[in-house]
Every structure is written in C-alpha cells, then in structure tokens.
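Accompanying notes for the structure given below.
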Amino acid sequence: MNNASRASKNEFVFVVKSEQLTLNVPATFEIDDRFVVIVKCEDGVFCVDDVCTHDGGTLGDGEYIDHCLVCPRHGAKFDVRTGDAVTMPATEPTGSHEVKIDGDDVLVRLAS
Ligand code: FES
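Quick note on numbering that gives the first Met the number 0: the sequence shown kicks off at 0 and runs consecutively.
Here's what the structure looks like:
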C-alpha cells in the first residue's frame, strides 16, 4: 500500500514513478482516503477503485488477466480501461480514474 500526496478535487496528483510499476501486476495506492488500483499494461496505465461492486472485495489483491482485474472473492472481472464489470456476479462498474503520464510520473485525477 502506498500513499499519494493529498490533492484538491479535480486535480491530477502524483502517485508513483512508472518504473516502479511492474507490467501486468496490480498495485494498490491510497489517494485522499480512497483506495485505488493502478495497472501498467501494454495499452497504457489505468486506475480503478480497489472495490468490487459485488460485495466489496479488494480488486488489488486479485489477478490481472487480459485487461481485467479478477476479484479474489467470487471471481467477478472488471475491465481496468473502463471500470466496467464484465462478468458476474458483479453487474455494476467500479470507479475509473483518469491517468496522465508526465515523463516517468504517473498522475491520477480521481473521479467524483
Ligand atoms: S466481492 Fe467481488 S465477486 Fe464477490
């Protein structure tokens, strides 16, 4: 677990250096008391809430497979690019946050 510096609403905040992320391995961070998962994959860097909408599982503890985080509790999959739930038992998306890459810095703007 890592903590990002606090940010005002609607601002990008530095979270981590890209080189500190391992390709296709989810990493969990806390930004302004909100837990998020960041995944660096072949399509870019993506950030979603660390919460499964089925029953609160921590997505950052699950596997990353084919653009999806797999909830470790009951196996629901969430597309990291959109936050969409793509398999049951989850039906609602988890939060998705905008990511900006500035040099080697990974910045995130939390969705409301
Ligand atoms: S809590 Fe995630 S699938 Fe049930």
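Positions of the beta carbon are idealized from the N, C-alpha and C atoms, including for glycine.
VAL35 has its alpha-carbon roughly 6 Å from the corresponding atom of GLU29. In the structure shown, GLY61 adopts coil according to DSSP, grouped into three states. Not one heavy atom of the ligand FES falls within 6 Å of the beta-carbon of PRO92.
In the three-state reduction of the DSSP assignment, GLU29 falls in the strand class, which pools E and B. In the three-state DSSP reduction, SER17 falls in the helix class (H, G or I).
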